[in-house]
Amino acid sequence: MANRLLVCGGCPFRSCANYDSTKGNYRLSGSPSALALAAARGNWPLMEVMFSQGSPRRHEKEETMTVLDFLKDESPSKPAFSQTEDAKTRPQPHSFVDSLSKIGQRAALEAFYYSVETGHIDVALKLRKMGVQWNIHTWIRSLQYAFTERSRPQMHLILSEFTSSLMEDLNVDNIEDVISVLFYVLHSEANLSDGNLNTVSAKISKIYNRYKRQRTDVSRQTAEVSNAVRSIIDPKYVDNPELSDIRFRTGSNIIYAHRIVLVNASEEFRDLLENPNGLIDVHNVDYAVFKLIMQYLYGNTKIFFNELSQYSFQRQFEVYDTSARFGLNGVIEECRQLIKSNIDCSTCVQVYKIAKKLGIAPLLSDCEDFFMENLPQLVVQDQVRALLAGTLDQIGQTDLCANLAKKVIDSFALLPHSAQ
Numbered sequence: 004m005a006n007r008l009l010v011c012g013g014c015p016f017r018s019c020a021n022y023d024s025t026k027g028n029y030r031l032s033g034s035p036s037a038l039a040l041a042a043a044r045g046n047w048p049l050m051e052v053m054f055s056q057g058s059p060r061r062h063e064k065e066e067t068m069t070v071l072d073f074l075k076d077e078s079p080s081k082p083a084f085s086q087t088e089d090a091k092t093r094p095q096p097h098s099f100v101d102s103l104s105k106i107g108q109r110a111a112l113e114a115f116y117y118s119v120e121t122g123h124i125d126v127a128l129k130l131r132k133m134g135v136q137w138n139i140h141t142w143i144r145s146l147q148y149a150f151t152e153r154s155r156p157q158m159h160l161i162l163s164e165f166t167s168s169l170m171e172d173l174n175v176d177n178i179e180d181v182i183s184v185l186f187y188v189l190h191s192e193a194n195l196s197d198g199n200l201n202t203v204s205a206k207i208s209k210i211y212n213r214y215k216r217q218r219t220d221v222s223r224q225t226a227e228v229s230n231a232v233r234s235i236i237d238p239k240y241v242d243n244p245e246l247s248d249i250r251f252r253t254g255s256n257i258i259y260a261h262r263i264v265l266v267n268a269s270e271e272f273r274d275l276l277e278n279p280n281g282l283i284d285v286h287n288v289d290y291a292v293f294k295l296i297m298q299y300l301y302g303n304t305k306i307f308f309n310e311l312s313q314y315s316f317q318r319q320f321e322v323y324d325t326s327a328r329f330g331l332n333g334v335i336e337e338c339r340q341l342i343k344s345n346i347d348c349s350t351c352v353q354v355y356k357i358a359k360k361l362g363i364a365p366l367l368s369d370c371e372d373f374f375m376e377n378l379p380q381l382v383v384q385d386q387v388r389a390l391l392a393g394t395l396d397q398i399g400q401t402d403l404c405a406n407l408a409k410k411v412i413d414s415f416a417l418l419p420h421s422a423q
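Heads up: the sequence shown runs through residues 4 to 423, numbered per our numbering.
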């Protein structure tokens with residue numbers, strides 16, 4: 004029947020569908036082209052007939068190239084088109100679709116859309132190979148279908164075609180869909196023994212590194228806080244009974260201190276100093292850690308940094324946790340910056356696990372930033388793959404994939420252009 008219609012002059016590319024979405028009550032009216040309807044049914048053989056027998060060419064006098072010729076690895080003949088700079092960047096410089104007339108190109112694009120929307124990704128990829136270009140919607144939908152159907156070859160092919168031009172189409176309406184499906188793929192591949200995380204991790208990291216908003220520089224705030232807690236008496240009085248008017252007991256050890264130093268250190272210390280008997284029991288705090296914090300509060304910053312830098316990550320986190328307990332923001336930030344400066348490919352998992360165990364959100368965020376910036380290099384590590392393969396929770400929970408996805412979405416949402 005299709006052949007008879009074509010012989011009688013029927014045009015498989017003619018569409019009378021109205022796709023005008025500028026109206027408030029947008030509804031599809033009319034009928035799409037026969038080519039699009041065949042694509043919606045996944046009938047590729049019929050589409051081949053339409054392309055080969057019913058395709059009006061842009062260059063009628065040149066040797067024609069059938070769709071079968073184009074889809075072969077080695078085509079016996081190709082039309083000689085001029086090679087512009089734009090054409091050089093395309094996957095197929097001499098595409099079959101480029102040889103079609105405008106009505107044929109529009110029909111191919113319409114068929115591409117219908118094949119994607121109906122889940123016939125095999126048809127969509129054949130049209131893509133013929134030269135039909137992705138837009139962000141068709142790319143997302145194709146990847147979603149390929150992931151749902153567990154078609155890994157299609158999935159990785161679609162991932163590989165996420166280009167800079169598609170990245171330009173990201174906006175607040177589609178960023179969550181894009182990032183969600185990318186992290187679903189990442190999580191799924193991490194759970195497979197032969198999972199390939201290279202392509203998807205590269206795309207995620209590329210998006211993040213391009214759109215991340217530069218974080219607030221806390222170094223100036225830290226300097227202001229640090230200066231505010233500098234001691235007004237000589238640092239030699241750290242744990243010195245001379246002039247001491249307050250004592251702290253940690254276990255069997257006594258640490259001598261001075262109210263004049265600690266009263267302005269934090270609200271927590273100020274509350275402790277209301278104890279009239281002059282002896283304060285400090286529970287679940289290591290003596291050496293508490294004394295090191297005192298060195299900082301009394302202005303012995305050199306001793307503080309030297310000792311802190313020699314501590315293990317576990318010990319540095321203990322200083323951080325104790326400082327947070329007493330509301331010492333200056334010490335907290337110094338610890339954070341030191342730990343953050345030592346996060347690299349060999350330590351990031353260890354730091355992440357300790358920060359997660361202690362519930363230290365700022366350092367968790369620092370680790371997640373490092374993961375995002377270096378994801379392609381990190382996914383080869385078994386420890387990182389194990390973290391990415393963890394159980395998926397809702398966005399905002401402690402699951403690594405969910406937190407990383409939220410970080411990308413939040414970074415994009417803060418960009419000025421994304422509000423347009």
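Note that the Cβ used here is the ideal one computed from N, Cα and C, for glycine as well.
Indicate whether glycine 330 and glutamate 277 have their beta-carbon atoms separated by less than 7 Å.
The residue given as residue 330 occupies position 327 in the sequence shown. The residue given as residue 277 occupies position 274 in the sequence shown. No; because the gap between Cβ atoms is not below 7 Å, this pair is not in contact.
Measure how close the beta-carbons of isoleucine 249 and phenylalanine 316 come, nearest whole angstrom, since I'm counting them as under 8 Å.
Residue mapping note: residue 249 aligns to position 246 of the sequence shown, counting from 1. Residue mapping note: residue 316 aligns to position 313 of the sequence shown, counting from 1. With 8 Å as the limit, isoleucine 249 and phenylalanine 316 do not qualify as a contact, their Cβ atoms being about 32 Å apart.
Smallest Cα separation from lysine 215: which of Met50, Met375, Cys404, Asn406?
What you label residue 215 is simply residue 212 of the sequence shown in a count that begins at 1. Checked all of Met50, Met375, Cys404, Asn406; the closest Cα to lysine 215 is Met375.
By a C-beta neighbour count over all protein chains shown, 10 Å radius and 16 as the cutoff for buried, is cysteine 348 buried or exposed?
The residue labelled residue 348 in the question sits at position 345 within the sequence shown. So cysteine 348 counts as exposed.
At which residue ranges does the region 275-350 contain complete alpha helix (DSSP H) runs of 4 or more residues, listed in the order of the chain?
290-300, 304-313, 316-328, 332-344
Where the beta strand (DSSP E) through tyrosine 259 begins and ends:
Here the question's residue 259 lines up with position 256 in the sequence shown. Unbroken beta strand (DSSP E) run through tyrosine 259: 256-260.
Taking all protein chains shown into account, do 16 or more other C-beta atoms lie within 10 angstroms of the C-beta of proline 279, making it buried, or fewer, making it exposed?
Here the question's residue 279 lines up with position 276 in the sequence shown. Exposed, because fewer than 16 other Cβ atoms sit within 10 Å of the Cβ of proline 279.
Using the C-alpha atoms, what's the distance from lysine 409 back to alanine 389?
The count along the sequence shown starts at 1 and reaches residue 389 at position 386. The count along the sequence shown starts at 1 and reaches residue 409 at position 406. Computed Cα separation, rounded: 19 Å.
Count the other CB atoms within 10 Å of the CB of leucine 311; is the residue buried (16 or more) or exposed (fewer)?
In the sequence shown, counting from the first residue as 1, residue 311 sits at position 308. Flag for leucine 311 reads buried.
Given a threshold of 16 other Cβ atoms within 10 Å of its Cβ, counted over all protein chains shown, does glycine 281 qualify as buried or as exposed?
Working through the sequence shown from its first residue, we reach residue 281 at position 278. Exposed: under 16 other Cβ atoms inside 10 Å.
Through-space distance from valine 285 to isoleucine 258, alpha-carbon basis:
The count along the sequence shown starts at 1 and reaches residue 258 at position 255. The count along the sequence shown starts at 1 and reaches residue 285 at position 282. Spanning the two alpha carbons is a distance of roughly 10 Å.
For glutamate 171, which option in Ala37, Arg155, Thr325, Trp137 has the closest C-alpha, if you only look at C-alpha atoms?
In the sequence shown, counting from the first residue as 1, residue 171 sits at position 168. Restricting attention to Ala37, Arg155, Thr325, Trp137, the CA atom closest to the CA of glutamate 171 is found in Trp137.
Cα separation between asparagine 309 and glutamine 298?
Numbered from its first residue, the sequence shown carries residue 309 at position 306. Numbered from its first residue, the sequence shown carries residue 298 at position 295. Between the alpha carbons of asparagine 309 and glutamine 298 lies a gap of roughly 11 Å.
Residues in its own chain within less than 7 Å of isoleucine 412 by CB, not counting five upstream and five downstream?
Counting from one through the sequence shown, the residue named residue 412 turns up at place 409. Within the same chain, isoleucine 412 has close Cβ partners Ile178, Glu179, Ile182.
Buried or exposed: cysteine 19, going by 16 or more other Cβ atoms within 10 Å of its Cβ?
As a first step, residue 19 is located in the sequence shown; it is residue number 16 there, counting from the start. Around the beta-carbon of cysteine 19, fewer than 16 other beta-carbon atoms lie within 10 Å, marking it exposed.
Helix, strand or coil at leucine 378 [DSSP, three-state]:
On the sequence shown, residue 378 is found 375 positions in, with the first residue counted as 1. Reduced to three states, the DSSP call for leucine 378 is helix.
If you reduce the DSSP assignment to three classes, tell me which class isoleucine 249 lands in.
On the sequence shown, residue 249 is found 246 positions in, with the first residue counted as 1. Looking at isoleucine 249 - three-state DSSP - the assignment turns out to be strand.
Cβ contact (3+ pairs, closer than 8 Å) linking the region 153-171 and the region 366-386:
no
Taking Cβ positions, are valine 266 and arginine 273 nearer each other than 7 Å?
Numbered from its first residue, the sequence shown carries residue 266 at position 263. Numbered from its first residue, the sequence shown carries residue 273 at position 270. Yes; because the gap between Cβ atoms is below 7 Å, this pair is in contact.
What residue range does the alpha helix (DSSP H) around methionine 388 cover?
Residue numbering aside, residue 388 sits at position 385 when the sequence shown is read from its first letter. According to the sequence as given, residue 388 is arginine; it is not methionine. First-last of the alpha helix (DSSP H) with arginine 388: 385-391.
Would DSSP call leucine 49 helix, strand or coil?
Residue mapping note: residue 49 aligns to position 46 of the sequence shown, counting from 1. Residue state, collapsed to three classes: helix.
Please check the pair alanine 114 and alanine 39, which I expect to be a contact at CB under 8 Å, by giving their CB distance rounded to whole angstroms.
Counting from 1 along the sequence shown, the entry for residue 114 is found at position 111. Counting from 1 along the sequence shown, the entry for residue 39 is found at position 36. Alanine 114 to alanine 39, Cβ: 5 Å. Contact.
Could you give the distance in angstroms between the alpha-carbon of asparagine 212 and the alpha-carbon of leucine 185?
On the sequence shown, position 209 is the one that residue 212 refers to. On the sequence shown, position 182 is the one that residue 185 refers to. Annotation: asparagine 212 to leucine 185 spans about 15 Å, alpha carbon to alpha carbon.
Short of 6 Å in beta carbon distance, which residues of its chain neighbour proline 238, apart from the five on each side in sequence? Order them along the chain.
Reading the sequence shown from its first residue, position 235 is the one you call residue 238. For proline 238, where only same-chain residues beyond five positions count, the Cβ hits under 6 Å are Tyr301, Gly302, Asn303.
CB-CB under 8 Å to arginine 144, same chain, minus the five flanking residues each way: which ones, in chain order?
Here the question's residue 144 lines up with position 141 in the sequence shown. Here the set comprises Val119, Glu120.
Under a three-way DSSP split, which group does serine 85 fall into?
Taking the sequence shown and counting its residues from 1, one reaches residue 85 at position 82. Interpretation of serine 85 is limited by its pLDDT of 38, a score under 50 that renders its predicted location unreliable; no figure is taken from the coordinates.
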